[in-house]
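Engineer:
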Amino acid sequence: TSLYQSLRARGLSQHIAWRASFAIVPAPILIVVGALTLMFGRDHPAGKWSERHNVPAAEIASEEAHPTNDDYDEKLDDKKKQDTSVTVHPVQVATIDVAVNKRLTLKTAVNILTNSLTWLPALAYLTTFGVELAIDSQMANVLFGLYSKTIPGFTQTTAGYYTSIFGFLNLVTRPLGGYFGDLLYRTYGTRGKKLFTLFCGLIMGAALIVGGFYIQDHRTPSNAPSLATVMGVFSLAITFSEF
Numbered sequence: 523t524s525l526y527q528s529l530r531a532r533g534l535s536q537h538i539a540w541r542a543s544f545a546i547v548p549a550p551i552l553i554v555v556g557a558l559t560l561m562f563g564r565d566h567p568a569g570k571w572s573e574r575h576n577v578p579a580a581e582i583a584s585e586e587a588h589p590t591n592d593d594y595d596e597k598l599d600d601k602k603k604q605d606t607s608v609t610v611h612p613v614q615v616a617t618i619d620v621a622v623n624k625r626l627t628l629k630t631a632v633n634i635l636t637n638s639l640t641w642l643p644a645l646a647y648l649t650t651f652g653v654e655l656a657i658d659s660q661m662a663n664v665l666f667g668l669y670s671k672t673i674p675g676f677t678q679t680t681a682g683y684y685t686s687i688f689g690f691l692n693l694v695t696r697p698l699g700g701y702f703g704d705l706l707y708r709t710y711g712t713r714g715k716k717l718f719t720l721f722c723g724l725i726m727g728a729a730l731i732v733g734g735f736y737i738q739d740h741r742t743p744s745n746a747p748s749l750a751t752v753m754g755v756f757s758l759a760i761t762f763s764e765f
């Protein structure tokens with residue numbers, strides 16, 4: 523928004539300034555991140571995506587230097603080698619699950635779509651990041667409709683500045699959410715992360731409901747809602763949606 527205003531002040535039309543803003547900031551960032559991912563990222567743990575079925579799971583673990591069940595200490599002190607005995611324990615044979623590429627059929631597609639492991643993550647993403655995107659796309663219009671007539675100088679651009687706060691919260695909330703999730707996983711395992719996700723969802727939903735009722739009860743110019751309250755309530759919802 524600031525770049526857009528700067529370009530407008532330099533004489534560019536709304537049509538050109540808006541498109542130039544995307545070309546100057548977001549586009550180079552996306553290109554750089556994509557290039558870094560292409561150069562330093564891996565398609566999957568075994569390397570190239572095209573070779574994902576060629577390397578057995580045991581070889582992957584060996585290449586990644588993961589410990590296996592038949593590891594034992596063979597490092598002996600040279601001075602005490604004659605006085606040291608090595609005991610080799612029998613190894614338990616375990617079945618290794620290796621991915622198998624199957625042809626996509628109608629039955630396979632139905633099984634995939636009806637599997638909870640497929641639609642539950644999508645539903646969780648829809649109700650978290652999807653909610654944030656919905657708020658980001660409409661909050662500027664909501665703020666402008668609420669305060670353009672009650673706060674002098676409150677323009678559409680001002681509303682955009684306030685709405686951009688929700689986007690900047692990602693810089694803090696997303697890393698913290700991952701960090702808290704890792705801490706909970708160490709102590710409580712997967713169940714702890716699930717409960718944490720549900721807790722964040724409940725807080726997000728409650729904040730959205732409270733914010734909606736608050737705005738609905740303060741629609742008249744003589745009883746306008748507090749800008750600080752609106753921003754605080756919806757920032758709380760955005761924070762827990764990003765966790």
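Mapped onto our numbering, the consecutive letters of the sequence shown carry residue numbers 523 to 765. Here a beta-carbon is modelled for each residue, glycine too, at the ideal position from N, C-alpha and C.
1) Does the Cβ of residue 773 have 16 or more other Cβ atoms within 10 Å, making it buried, or fewer, making it exposed?
2) Using the beta-carbon count (16 or more within 10 Å), is residue 661 buried or exposed?
3) From residue 669 to residue 711, what distance separates their C-alpha atoms?
4) Who are the Cβ neighbours of residue 687 in its own chain at under 8 Å, not counting the five residues just before and after it?
5) Can you give me the start and stop residues for the alpha helix (DSSP H) that residue 741 sits inside?
6) Under the three-state reduction of DSSP, which class applies to residue 534: helix, strand or coil?
7) Suppose you measure from the CA of residue 696 to the CA of residue 690; what does that come to, to the nearest Å?
8) Just the Cα atoms here: how many angstroms apart are residue 717 and residue 561?
9) Contact check, residue 679 vs residue 527 under 8 Å by CB: the rounded distance?
10) Could you check how far apart the C-beta atoms of residue 719 and residue 736 are, in whole angstroms? I think they sit under 8 Å.
11) In chain order, what residues of the same chain lie with their CB nearer than 6 Å to the CB of residue 631, ignoring the 5 residues before and after it?
12) Taking the alpha carbon of residue 725 as the point to measure from, which residue in 703, 763, 693 and 692 has its own alpha carbon closest?
13) With respect to 7 Å, is the separation between the Cβ of residue 656 and the closest non-hydrogen atom of the ligand ZN below this value?
14) Starting from residue 629 and walking both ways along the alpha helix (DSSP H), at which residues does that stretch end?
15) Contact check, residue 666 vs residue 681 under 8 Å by CB: the rounded distance?
16) If we ignore side chains and look at the alpha-carbon of each, how far apart do residue 555 and residue 563 end up?
17) Please classify residue 716: does DSSP put it in a helix, a strand, or coil?
18) Which word fits residue 659, buried or exposed, when buried means at least 16 other C-beta atoms lie within 10 angstroms of its C-beta?
19) What are the boundary residues of the alpha helix (DSSP H) that residue 757 is part of?
20) For residue 534 and residue 664, I'd like the C-alpha separation in whole angstroms.
21) Are there 16 or more other CB atoms within 10 angstroms of the CB of residue 544, so buried, or fewer, so exposed?
22) In chain order, what residues of the same chain lie with their CB nearer than 6 Å to the CB of residue 730, ignoring the 5 residues before and after it?
23) With 16 as the cutoff for other CB atoms within 10 Å, does residue 761 come out buried or exposed?
24) Which same chain residues end up closer than 6 Å to residue 676 when comparing Cβ atoms and leaving out the 5 residues on each side of it in sequence?
Structural biologist: According to the data block:
1) The question about residue 773 has no answer, for the chain in this structure spans 523 to 765.
2) Counting C-beta atoms within 10 angstroms of its own C-beta, residue 661 has 16 or more neighbours from the protein chains shown and is therefore classed as buried.
3) Rounded to whole angstroms, residue 669 and residue 711 show a C-alpha spacing of 46 Å.
4) Excluding sequence neighbours, residue 687 sits near 753 and 757.
5) DSSP places residue 741 outside any alpha helix (DSSP H), giving it a letter other than H or E.
6) Of the three classes helix, strand and coil, the one that applies to residue 534 here is coil, per DSSP.
7) About 10 Å.
8) Distance from the CA atom of residue 717 to the CA atom of residue 561, rounded to whole angstroms, is 37 Å.
9) Confirmed, Cβ separation roughly 6 Å.
10) Residue 719 to residue 736, Cβ: 26 Å. No contact.
11) Contacts found: none.
12) Residue 763 is the option with its Cα nearest to residue 725.
13) Inclusion of the ligand ZN in the displayed structure is not the case, the ligand content being empty and no account of it being possible.
14) Taken as a continuous stretch (DSSP letters only), the alpha helix (DSSP H) holding residue 629 covers 628-636.
15) Taking C-beta atoms under 8 Å as the contact rule, residue 666 and residue 681 qualify, at a distance of about 4 Å.
16) Linking residue 555 to residue 563 through their CA atoms gives a straight-line distance of about 11 Å.
17) Note: residue 716 maps to helix in three-state DSSP.
18) Exposed: under 16 other Cβ atoms inside 10 Å.
19) From DSSP, the alpha helix (DSSP H) with residue 757 extends over 749-764.
20) If I take the Cα positions, the gap works out to 27 Å.
21) Residue 544 comes out exposed.
22) Cβ within range, chain order: 759.
23) Burial check for residue 761: the Cβ neighbour count within 10 Å reaches 16 or more, so the residue is buried.
24) Its chain contains 669 and 670 as the residues whose beta carbon lies nearer than 6 Å to that of residue 676, once the 5 sequence neighbours on both sides are disregarded; these appear in chain order.
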